[in-house]
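**Student:** Chains as they are written, first to last, in this note's numbering: chain C, 100 to 206; chain B, 2 to 120.
Glycine residues also receive a C-beta, built at the ideal position from the N, C-alpha and C atoms.
The model shown is predicted, which means the values in this text are computed figures rather than measured ones.
There's a structure below that I have some questions on.
Rendered as structure tokens:
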């Protein structure tokens, strides 16, 4: 499984875009990038996934670089309820969640 | 529809006792995963079941840990002779499948977890 590197923590002002980076330089050609988030005391929640094209859904956008060695999750208008730990995962036989990025949305 | 459920939600036990944790996956999901999350840390993969294939036990930390799954339904994680370092939240997840050819079906849906405290 390819491993991922994320900053341990980030802050974002409420209403602004939150851009969460992830490095996955050892990703192989057929491995997808998944993003999950975990709000305190809850199980992780799926957000979005992609292979090489940018993806958007009702929760977020995912931007994957052309060489696929990194990606950015974008929450376009962060709210206080978006405060959570965000995990970037590259799929193999199982998910390696790492320690993620703790995002704090500030009022 | 019903999501992944886990029981008990909290379990307090004494060091040396055995515990059983239960996971009920989403109906129709062939893949089931167990993870452990210690306080303030990320998820640690434990074991993975896919249909009738032999489970991937590569994440189990010791032979005190075992898990079973009945067909494509309920799974139990058993920890024998519990130690204080076993204290953690144990999370279960399920997905429709786990094949690389169908990434949307690989989305994992998590239960609320069982908080285990070993005194």
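With a cut-off of 8 Å, does the C-beta of residue 178 of chain C fall near any C-beta of chain B?
**Tutor:** Taking the first residue of the first chain as 1, we reach residue 178 of chain C at position 79. Not one chain B Cβ lies under 8 Å of residue 178 of chain C.
**Student:** Rounded to whole angstroms, how far is the Cβ of residue 202 of chain C from the Cβ of residue 182 of chain C, which I believe are closer than 8 Å?
**Tutor:** Position 103 of the first chain, counting from 1, holds the residue named residue 202 of chain C. Position 83 of the first chain, counting from 1, holds the residue named residue 182 of chain C. Right, the Cβ-Cβ distance comes to about 6 Å (below 8 Å), so this counts as a contact.
**Student:** Can you list, in chain order, the residues of its chain with a C-beta nearer than 6 Å to that of residue 131 of chain C? Leave out the 5 residues immediately preceding and following it.
**Tutor:** Numbered from its first residue, the first chain carries residue 131 of chain C at position 32. The answer, listed in chain order, is 148, 150, 190.
**Student:** Excluding five sequence neighbours on each side, which residues of the same chain lie with their C-beta closer than 7 Å to the C-beta of residue 129 of chain C?
**Tutor:** As a first step, residue 129 of chain C is located in the first chain; it is residue number 30 there, counting from the start. There are no such residues.
**Student:** How big is the Cα-Cα spacing for residue 116 of chain C and residue 177 of chain C?
**Tutor:** Counted from its first residue, the first chain places residue 116 of chain C at position 17. Counted from its first residue, the first chain places residue 177 of chain C at position 78. If you take the alpha carbons of residue 116 of chain C and residue 177 of chain C, they lie about 6 Å apart.
**Student:** So, is the C-beta of residue 106 of chain C closer than 8 Å to a C-beta in chain B?
**Tutor:** Mapped onto the first chain, residue 106 of chain C falls at position 7. It does not; no Cβ of chain B falls within 8 Å.
**Student:** Can the beta-carbon of residue 35 of chain B be found closer than 8 Å to that of residue 78 of chain B?
**Tutor:** The residue you call residue 35 of chain B lines up with position 34 of the second chain. The residue you call residue 78 of chain B lines up with position 77 of the second chain. Yes; because the gap between Cβ atoms is below 8 Å, this pair is in contact.
**Student:** With which residues is residue 120 of chain C paired in a DSSP beta bridge?
**Tutor:** In the first chain, counting from the first residue as 1, residue 120 of chain C sits at position 21. DSSP output for residue 120 of chain C lists C/171 as bridge partner(s).
**Student:** Would residue 85 of chain B pass as a contact of residue 16 of chain B if the rule is Cβ separation under 8 Å?
**Tutor:** Position 84 of the second chain, counting from 1, holds the residue named residue 85 of chain B. Position 15 of the second chain, counting from 1, holds the residue named residue 16 of chain B. For residue 85 of chain B and residue 16 of chain B, yes; Cβs fall inside 8 Å.
**Student:** Count the CB pairs spanning the stretch 155–172 of chain C and the stretch 107–127 of chain C that are closer than 8 Å, and state whether there are at least three.
**Tutor:** Flag = yes, the stretch 155–172 of chain C and the stretch 107–127 of chain C touch.
**Student:** Determine the direct distance from the alpha carbon of residue 153 of chain C to that of residue 173 of chain C, and round the result to whole angstroms.
**Tutor:** Against the first chain, residue 173 of chain C aligns to sequence position 74. Against the first chain, residue 153 of chain C aligns to sequence position 54. Going by the C-alpha atoms only, they are around 11 Å apart.
**Student:** Using a Cβ-Cβ distance under 8 Å, would residue 115 of chain B count as near chain C?
**Tutor:** Taking the second chain and counting its residues from 1, one reaches residue 115 of chain B at position 114. Chain C contact via Cβ: absent.
**Student:** Can you check whether the C-beta of residue 192 of chain C is within less than 8 Å of a C-beta belonging to chain B?
**Tutor:** Within the first chain, residue 192 of chain C is the residue found at index 93, counting from 1. Unreliable positioning characterises residue 192 of chain C in this predicted model, as indicated by a pLDDT of 49, which lies under 50. The coordinate reading is nonetheless provided below. So, interface residue.
**Student:** Considering Cα atoms alone, identify which of B/83, B/90, B/10, B/48 is closest to residue 76 of chain B.
**Tutor:** Translated into positions along the second chain, residue 76 of chain B becomes position 75. Closest option to residue 76 of chain B, Cα to Cα, is B/48.
**Student:** If the cut is a Cβ gap below 7 Å, which residues of chain C does residue 112 of chain B touch?
**Tutor:** In the second chain, residue 112 of chain B corresponds to position 111, counting from 1. Simply 142.
**Student:** Give, in chain order, every unbroken run of the beta strand (DSSP E) that is at least 3 residues long and sits entirely within the stretch 44–98 of chain B.
**Tutor:** Segments of the beta strand (DSSP E) lying fully in the stretch 44–98 of chain B: 44–51, 66–70, 76–80, 89–96.
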